[in-house]
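Undergrad:
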Amino acid sequence: MRRTGKKFISPIEPLALKWLSLIEFSDEESNRTKLRAQAIRLSNSGYSISQISQICLTTQETVSKWIDGWEKYQFDSLIDKPRSGRTPLIHSEMHDEVIDIVKKNPRQLKSAITEIQEKFGKKVSVKTLKRIIKKKLRWCRGRKSLKSKRNENEFREAQKEIEILKDEDQANIIDLYYFDESGFTGVPEIPYAWQDEDEQLLLPSGKTSRINVLGFLNKQNDFFPCVFDCSVTSDIVTACFDAFSRYITKRTIVVLDNAPIHHSAIFKSQIGTWEERGLFLYFIPKYSPELNLIEILWKHIKYFWLSTSAYKGFEFLKTELNNILASVGKEFTISFS
1 MRRTGKKFIS PIEPLALKWL SLIEFSDEES NRTKLRAQAI RLSNSGYSIS QISQICLTTQ
61 ETVSKWIDGW EKYQFDSLID KPRSGRTPLI HSEMHDEVID IVKKNPRQLK SAITEIQEKF
121 GKKVSVKTLK RIIKKKLRWC RGRKSLKSKR NENEFREAQK EIEILKDEDQ ANIIDLYYFD
181 ESGFTGVPEI PYAWQDEDEQ LLLPSGKTSR INVLGFLNKQ NDFFPCVFDC SVTSDIVTAC
241 FDAFSRYITK RTIVVLDNAP IHHSAIFKSQ IGTWEERGLF LYFIPKYSPE LNLIEILWKH
301 IKYFWLSTSA YKGFEFLKTE LNNILASVGK EFTISFS
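1 is the number of the first residue of the sequence shown in full-length UniProt numbering; add one for each residue after it.
(1) Between the C-alpha atoms of E295 and D242, what's the straight-line distance to the nearest angstrom?
(2) What is the residue span of the beta strand (DSSP E) that P225 lies within?
(3) Identify, in the order they occur along the chain, each residue of the same chain with its Cβ nearer than 7 Å to the Cβ of S307, setting aside the five sequence neighbours on each side.
(4) Under the DSSP definition of a beta bridge, which residues are partnered with Y178?
(5) Excluding the 5 residues flanking C226 on each side, which residues of the same chain have their C-beta closer than 6 Å to its C-beta?
(6) With 16 as the cutoff for other CB atoms within 10 Å, does A39 come out buried or exposed?
(7) Rounded to the nearest angstrom, what separates S234 and I132 at their Cα positions?
(8) If distances are taken between C-alpha atoms only, which option among F75, S77 and I113 comes closest to I90?
(9) Going by DSSP in three states, T319 sits in which element: helix, strand or coil?
(10) Mind checking whether R36 and S21 have CB atoms under 8 Å apart?
(11) Can you confirm whether the stretch 252-264 touches the stretch 284-293 when touching is taken to mean that 3 or more C-beta pairs between the two stretches lie within less than 8 Å?
(12) The beta strand (DSSP E) spanning Y282 covers which residue range?
(13) Return yes when the Cβ of V63 is within less than 8 Å of the Cβ of S77, no when it is not.
(14) Q159: which of A171, L293, K268 and R246 sits nearest, CA to CA?
(15) Would DSSP call G272 helix, strand or coil?
(16) Comparing alpha-carbon positions, which option in I301, N151 and Y177 lies nearest F244?
(17) Using the C-alpha atoms, what's the distance from K330 back to G278?
(18) Figure out for me which residue from I99, E29 and K65 has the closest Cα to the Cα of T128.
(19) Is the beta carbon of N153 closer than 8 Å to that of E181?
(20) Can you list, in chain order, the residues of its chain whose CB lies under 6 Å from that of W66, leaving out five sequence neighbours each side?
(21) Which residue's Cα is closest to the Cα of S48: E315, I9 and W298?
(22) Work out the CA separation of T58 and E13 for me, nearest whole Å.
(23) I'd like to know whether the C-beta atoms of Q60 and S50 end up nearer to each other than 8 Å.
(24) I'd like the list of long-range same chain contacts for K7, defined as Cβ closer than 7 Å, with 5 residues on each side in sequence excluded.
(25) Determine the burial state of D175: buried for a count of at least 16 other Cβ atoms within 10 Å of its Cβ, exposed for fewer.
(26) Checking 8 Å against the spacing of the C-beta atoms, do I334 and N221 come in under that value?
(27) Taking 8 Å as the cut-off, decide whether the C-beta atoms of L297 and L217 are in contact.
(28) Do you know offhand how far K149's Cα is from V237's?
(29) Quick one: what does DSSP say N153 is sitting in, helix, strand or coil?
(30) Give me the Cα-Cα distance between D27 and I79, rounded to the nearest whole angstrom.
(31) Are L291 and I162 close, meaning C-beta to C-beta below 8 Å?
(32) Is the beta carbon of Y311 closer than 8 Å to that of G186?
(33) Kindly indicate the opening and closing residues of the alpha helix (DSSP H) around L42.
(34) Short of 6 Å in beta carbon distance, which residues of its chain neighbour I253, apart from the five on each side in sequence? Order them along the chain.
(35) Indicate the three-state DSSP secondary structure (helix, strand or coil) for residue 361 in the structure shown.
(36) Can you give me the Cβ contacts of I261 inside the same chain, cut-off strictly under 6 Å, excluding the 5 residues immediately before and after it?
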């Protein structure tokens, strides 16, 4: 590129240029340091101060100072010098105590501010408090949990027993599957998505019929789905298990929850027949969904695999969902740890 300005950097050695590029694209350097490295590199490539100021979104005077600094101090000029400022209200050694106060009631910063003032005698603003807690905490959507309702001893015991079943599955002694039901409607379950800053992502949404999927899944992504447009009844669940009992080829354990429908009279009446075919059931304790790995499959389908176009209407949803279900283990897979 032809040089069009009056001030340019002195020619830079190839090794120094390499280091400038590393700094410019580093994740560890500050944005200002990376910006200065970019400006110096551009000047060496023949860009004028005016052009660099437009690229770096700064003034020509600032670019000129960066060039002067490089000529005098080389790489040291890229780093911000310590700046003077007022003494912080909350010193760094007090931050851990402040974080502990916030954790008591993480949704109400004003109550934390009151407690901080009572404890340290310092009145801080919400903005200052946020700046402190962002160093160690993050703001995220809360998740509902049923852990408080479950029997923890039963849960731990079930964990151990399922680990034994996993080992037997790994050793090819048994096949271990996980069973569950999930419903899909025209209401998208996509709380977050990347989008342009100046545009809002609008997802089609509306009431449609419900598609119910009953499925058996193992850690090798072998998936046996049963799909219905109607309500799930004891007869339907029993029929699905009966079909699966004819699908298996060796002793198979199915992990499932304690939903009332799994203890209906018609369901229990067929357990003996299924066991004769090599199908055995393992019921996990109440309020223990994390023990049932197929829950992960439903989340992947709803949050990642279904496209926004699936919510244009019931037929779109039905077609795309059926395509996904048919491709689990092939195009769509889950890596279980």
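For each residue, glycine too, the CB sits at the ideal point set by N, CA and C.
TA: Result, derived from the coordinates:
(1) Against the sequence shown, residue 295 aligns to sequence position 295. Against the sequence shown, residue 242 aligns to sequence position 242. Roughly 22 Å between the two C-alpha positions.
(2) Position 225 of the sequence shown, counted from the first residue, corresponds to residue 225. Looking at the DSSP string, the run of the beta strand (DSSP E) that includes P225 is F223 to F228.
(3) As a working note, residue 307 is residue 307 in the sequence shown. Correct list, in chain order: E320.
(4) Looking up residue 178 in the sequence shown gives position 178. Beta-bridge pairing links Y178 to L217 and V255.
(5) Here residue 226 refers to the residue found at position 226 when the sequence shown is read from its first residue. Result list for C226: L214 and C240, in chain order.
(6) Looking up residue 39 in the sequence shown gives position 39. Result: buried.
(7) Indexing the sequence shown from 1 puts residue 234 at position 234. Indexing the sequence shown from 1 puts residue 132 at position 132. Going by the C-alpha atoms only, they are around 54 Å apart.
(8) Position 90 of the sequence shown, counting from 1, holds the residue named residue 90. Cα-wise, what sits closest to I90 is I113.
(9) On the sequence shown, position 319 is the one that residue 319 refers to. DSSP places T319 in helix when its eight states are reduced to three.
(10) Along the sequence shown, read from residue 1 onward, the residue named residue 36 stands at position 36. Along the sequence shown, read from residue 1 onward, the residue named residue 21 stands at position 21. Against a cut-off of 8 Å, the Cβ pair of S21 and R36 comes out as no contact.
(11) yes
(12) Mapped onto the sequence shown, residue 282 falls at position 282. It spans L279 to F283 - the beta strand (DSSP E) in which Y282 sits, taken as one unbroken run.
(13) Stepping through the sequence shown from its first residue, residue 77 is reached at position 77. Stepping through the sequence shown from its first residue, residue 63 is reached at position 63. No.
(14) Translated into the one-based positions of the sequence shown, residue 159 becomes position 159. Nearest of A171, L293, K268 and R246 to Q159, Cα basis: L293.
(15) The residue you call residue 272 lines up with position 272 of the sequence shown. Correct three-state label for G272: helix.
(16) Position 244 of the sequence shown, counted from the first residue, corresponds to residue 244. Closest option to F244, Cα to Cα, is Y177.
(17) Within the sequence shown, numbered from 1, the residue matching residue 278 stands at position 278. Within the sequence shown, numbered from 1, the residue matching residue 330 stands at position 330. For G278 and K330, the distance between alpha carbons rounds to 27 Å.
(18) Taking the sequence shown and counting its residues from 1, one reaches residue 128 at position 128. Of I99, E29 and K65, the residue nearest in Cα terms is I99.
(19) In the sequence shown, counting from the first residue as 1, residue 181 sits at position 181. In the sequence shown, counting from the first residue as 1, residue 153 sits at position 153. No, Cβ-Cβ distance for E181 and N153 is not below 8 Å.
(20) Start at 1 with the first residue of the sequence shown, and residue 66 comes out as number 66. The residues are R36 and A39.
(21) One-based indexing of the sequence shown puts residue 48 at position 48. Of the candidates E315, I9 and W298, the one whose C-alpha sits nearest the C-alpha of S48 is I9.
(22) The residue you call residue 13 lines up with position 13 of the sequence shown. The residue you call residue 58 lines up with position 58 of the sequence shown. For E13 and T58, the distance between alpha carbons rounds to 26 Å.
(23) Stepping through the sequence shown from its first residue, residue 60 is reached at position 60. Stepping through the sequence shown from its first residue, residue 50 is reached at position 50. Closer than 8 Å, so yes.
(24) Numbered from its first residue, the sequence shown carries residue 7 at position 7. Correct list, in chain order: I49, S64 and I67.
(25) By one-based count along the sequence shown, residue 175 stands at place 175. Buried, since its Cβ has 16 or more Cβ neighbours within 10 Å.
(26) Residue 334 sits at position 334 when you count from the first residue of the sequence shown. Residue 221 sits at position 221 when you count from the first residue of the sequence shown. Against a cut-off of 8 Å, the Cβ pair of N221 and I334 comes out as a contact.
(27) Position 297 of the sequence shown, counting from 1, holds the residue named residue 297. Position 217 of the sequence shown, counting from 1, holds the residue named residue 217. Closer than 8 Å, so yes.
(28) The count along the sequence shown starts at 1 and reaches residue 149 at position 149. The count along the sequence shown starts at 1 and reaches residue 237 at position 237. Distance between the alpha carbons of K149 and V237: 26 Å.
(29) For this step, residue 153 is matched to residue 153 along the sequence shown. Helix.
(30) For this step, residue 27 is matched to residue 27 along the sequence shown. For this step, residue 79 is matched to residue 79 along the sequence shown. Using only the alpha carbons, I get a separation of about 15 Å.
(31) Within the sequence shown, numbered from 1, the residue matching residue 291 stands at position 291. Within the sequence shown, numbered from 1, the residue matching residue 162 stands at position 162. Yes. Within cutoff.
(32) Walking along the sequence shown from the start, residue 186 turns up at place 186. Walking along the sequence shown from the start, residue 311 turns up at place 311. Closer than 8 Å, so yes.
(33) Here the question's residue 42 lines up with position 42 in the sequence shown. First-last of the alpha helix (DSSP H) with L42: N31 to N44.
(34) For the purposes of this step, residue 253 is taken as residue 253 along the sequence shown, with counting starting at 1. Result list for I253: L165, I174, L176, F280 and Y282, in chain order.
(35) What is shown of the chain runs 1 to 337, which leaves residue 361 out entirely.
(36) If you number the sequence shown from 1, residue 261 lands on position 261. Closer than 6 Å at the Cβ level, and outside the excluded window around I261, lie S234 and V237.
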